[in-house]
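One structure is given below, encoded as structure tokens.
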Amino acid sequence: MWPLLFCSILSLAVILERLFFWWRERRRQDRRMQDRLFSRIESGDVQGVLTLADGKGGASHPLDYVSRMLVAGLAHRSQGLHESIEIAAEEEMGRMKQGLPILDTIITMAPMLGILGTVLGIIESFDLLGSSGIEDPKAVTGGIAQALITTAAGLSVAIMTLVPFNYFVAKVNRAARDMNKIAARFEAACRKNGDDH
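Here the sequence shown is numbered in the working numbering, starting from 1109 and rising by one per residue.
Shown next as structure tokens:
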């Protein structure tokens, strides 16, 4: 039960951290900033995009993940605009996926820990049965019932972790689709103005 308690605390900590991360990213979302970036790049003002991002991207007004991706790609366009945007997108995806492998491991491991606890409890019950005989069947059945609690606890931890995990995976997938669409549009606007080198 102690490892399951640790898994549940760790799961809760990661879930709360990810909720805070997505709440913060939602507050940073600024469609008007993205429109300004696009209008500047469409008019061929690459330096204006970088200046605009520097002014907006300070500690008090951080950029959202889409704007960070576009600005990072544009700032390193000498290495290839498409490649630079792709690298920036991967960095953003890495930030979004942070903690998800931990939740995935807990989802898999918690039921196994529960079953292990049950198996050990049943072994103990049969050992008790072997030493005391059939004289006290309640001790054996009580031990088996108590052993099954660990399976229920393991399944509960896994189920309560699975729902937030799937929610976060869906958020990451939606953000990846958005970034792909916006990056393709941004690259097209840069190519149109000859700023993709």
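Glycine included, C-beta positions come from ideal geometry on N, C-alpha and C.
Taking a contact as a CB-CB distance under 8 Å, the pair Leu1237 and Val1248 counts as one, their CB atoms being some 5 Å apart. The beta carbon of Arg1136 is closer than 6 Å to those of Pro1170, Asp1172 in its chain, skipping five residues each way along the sequence.
Pro1209 sits exposed, since fewer than 16 C-beta atoms from the chains shown fall within 10 Å of its C-beta. DSSP, read as helix, strand or coil, puts Asp1235 in helix. Across the set Lys1279, Ser1119, Asn1281, Thr1258, the C-alpha of Thr1258 shows the shortest separation from the C-alpha of Met1109. The residues Leu1189, Ser1192, Ile1193, Ala1196, in chain order, have a CB closer than 7 Å to that of Gly1181 in the same chain once the five nearest residues on each side in sequence are set aside.
Judged by pairs of C-beta atoms under 8 Å, the region 1260–1271 touches the region 1211–1229, as three or more such pairs exist.
In the three-state reduction of the DSSP assignment, Ser1151 falls in the coil class, being assigned neither a helical nor a strand state. For Gly1181, the enclosing alpha helix (DSSP H) covers residues 1173–1183. Apart from sequence neighbours up to five positions away, the residues of its chain that approach Val1174 with a beta-carbon distance below 7 Å are Gln1142, Asp1286, Met1287, Ile1290, ordered along the chain. Rounded to the nearest whole angstrom, the CA to CA distance from Leu1118 to Asp1212 is 12 Å. In the three-state reduction of the DSSP assignment, Asp1138 falls in the coil class. Residue state for Met1220 is assigned as helix, using DSSP reduced to three classes. At a Cβ-Cβ threshold of 9 Å, Arg1134 and Gln1206 do not count as neighbours. Ranking Leu1270, Gln1254, Phe1294 by CA distance to the CA of Cys1115 puts Leu1270 first. If you compare the alpha carbons of Lys1246, Cys1298, Ile1252 with that of Leu1228, the shortest gap goes to Ile1252.
In this structure, Lys1279 lies away from Glu1150, with their beta-carbon atoms at least 9 Å apart. CA-CA distance, Arg1293 to Ile1123, rounds to 33 Å. As the crow flies, the alpha-carbon of Ala1297 is around 8 Å from that of Phe1146.
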